[in-house]
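Under the numbering used here, residues 5 to 74 are what the sequence shown spells out, in order. A virtual CB, placed ideally from N, CA and C, is assigned to each residue, including glycine. These numbers come from a predicted model, not from an experiment. Here is the structure we will look at.
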Amino acid sequence: MSFSCPHFAVDRDACLRLKTDCVPGRPGCVLEGSGFAVPVAQRLREREEENQLRLRPGKNDSMVSPPPAE
Numbered sequence: 005m006s007f008s009c010p011h012f013a014v015d016r017d018a019c020l021r022l023k024t025d026c027v028p029g030r031p032g033c034v035l036e037g038s039g040f041a042v043p044v045a046q047r048l049r050e051r052e053e054e055n056q057l058r059l060r061p062g063k064n065d066s067m068v069s070p071p072p073a074e
């Protein structure tokens with residue numbers, strides 16, 4: 005990402021201030037009111053969809069690499 009925030013935890017891609025996923029410009033963010041190419045509401049929706057897919061059992065099975073062939 006190309007922004008600077010003292011509350012951004014790089015290792016977790018999280019906001020330390022809001023204790024949730026980092027989505028620059030979201031309500032409560034120090035960057036709220038700044039201009040972004042993609043609207044905040046759209047980025048929040050996309051992040052929620054990513055989180056739901058990540059938590060859904062069985063959906064990530066295809067992402068697991070098969071065991072090595074002998």
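Between residue i and residue j, is the Cβ-Cβ spacing less than 8 Å?
i	j	result
Pro31	Phe40	no
Cys9	Val42	no
Looking only at its chain, what residues have a beta carbon closer than 6 Å to the beta carbon of residue i, apart from the 5 residues adjacent to it on each side?
i	result
Leu20	His11 and Ala13
Leu22	Gly32
Tell me which same chain residues have a C-beta within less than 7 Å of the C-beta of residue i, skipping the five on either side of it?
i	result
Ser38	Gly29
Ala45	none
Arg51	Asp25 and Val27
Phe7	Pro28 and Leu35
Nearest-angstrom Cα distance between residue i and residue j?
i	j	result
Arg16	Cys26	9 Å
Arg49	Leu57	12 Å
Leu53	Arg47	Checking the sequence shown, residue 53 turns out to be Glu, not Leu. Using only the alpha carbons, I get a separation of about 10 Å.
Going along the chain, which residues of its own chain have a beta-carbon closer than 8 Å to the beta-carbon of residue i, five neighbours each way excluded?
i	result
Arg60	none
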